[in-house]
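Residue numbers (the working numbering): 53 to 280.
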């Protein structure tokens with residue numbers, strides 16, 4: 053009897069969420085994702101809800117849980133078959149958003165689920181560009197460990213190293229150099245990362261770039277990078 057009441061209660065919760073009025077094209081799954089409610093998400097999945105519907109900004113439920121760092125919810129959605137490659141209106145995948153907010157566990161799940169770190173958003177930024185822009189060292193290590201490209205350029209020709217140098221992110225610059233980024237790469241304006249650092253008078257970063265050898269990725273990690 054207790055099991056039956058629990059089952060009925062679960063069904064009532066699911067129905068209640070399905071019947072919520074939509075705002076901004078958000079589904080019940082979006083709303084559950086925004087608060088990381090695994091019980092509701094699991095119930096909606098088992099009820100056969102569509103996993104990849106997008107809201108007015110192009111975000112799916114997977115975008116929401118990745119942005120907020122609800123790792124268990126990310127696992128539920130990825131396991132259920134949510135498309136990890138869907139891009140929102142800014143061109144960002146769920147992995148882009150996880151990288152922006154330094155949600156390493158969510159990023160790890162997305163990568164294991166097949167997310168490609170080198171997909172570019174509308175301005176040409178890969179996930180590595182995003183992690184470098186926000187100075188998220190742990191995320192950069194995860195991405196490099198997943199064999200992302202360290203040489204990809206965005207629409208203005210900047211590599212992740214250009215981005216980090218312009219923003220005076222010294223530790224990120226060091227990490228990218230050690231990961232094998234080409235310090236001599238030039239953007240569309242013909243500038244290297246060193247030029248960008250000098251443009252903004254970032255003396256320590258300029259010195260680091262001027263003196264840095266190109267350290268191989270194998271030397272940095274001591275072994276072939278893998279997703280753990």
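The C-beta atom is built at its ideal place from N, Cα and C for all residues, glycine as well.
- DSSP places residue 105 outside both helix and strand once states are collapsed to three, so it counts as coil.
- Residue 260 and residue 117 have their C-alpha atoms roughly 37 Å apart.
- Annotation: the continuous alpha helix (DSSP H) that includes residue 250 extends over 245-251.
- Contact between the region 103-112 and the region 134-145 is present, with at least three C-beta pairs closer than 8 Å.
- Residue 167 sits away from residue 154, with the two beta carbons spaced by 8 Å or more.
- Excluding residues up to 5 positions away in sequence, 151, 154, 156, 159 and 183 lie with their Cβ nearer than 7 Å to the Cβ of residue 191 in the same chain.
- Bounds of the alpha helix (DSSP H) holding residue 159 are 156-164.
- Taken through DSSP and simplified to helix, strand or coil, residue 263 comes out as helix.
- In the assembly as shown, residue 251 is an exposed residue. Its beta-carbon has fewer than 16 other beta-carbons within 10 Å.
- The Cβ neighbour count for residue 173, taken over all protein chains shown within 10 Å, is at least 16; the residue is labelled buried.
- The three-state reading of DSSP puts residue 195 in helix, counting H, G and I together.
- Around the beta carbon of residue 240, fewer than 16 other beta carbons sit within 10 angstroms, so the residue counts as exposed.
- Unbroken beta strand (DSSP E) stretches of 3 residues or longer found wholly inside the region 178-238: none.
- In the three-state scheme derived from DSSP, where H, G and I count as helix and E and B as strand, residue 137 is classed as coil.
- Annotated three-state conformation of residue 118 is helix, per DSSP.
- The beta carbon of residue 209 is closer than 6 Å to those of 239 and 240 in its chain, skipping five residues each way along the sequence.
- For a cut-off of 8 Å, the C-beta gap from residue 237 to residue 211 is around 5 Å, short enough to register as a contact.
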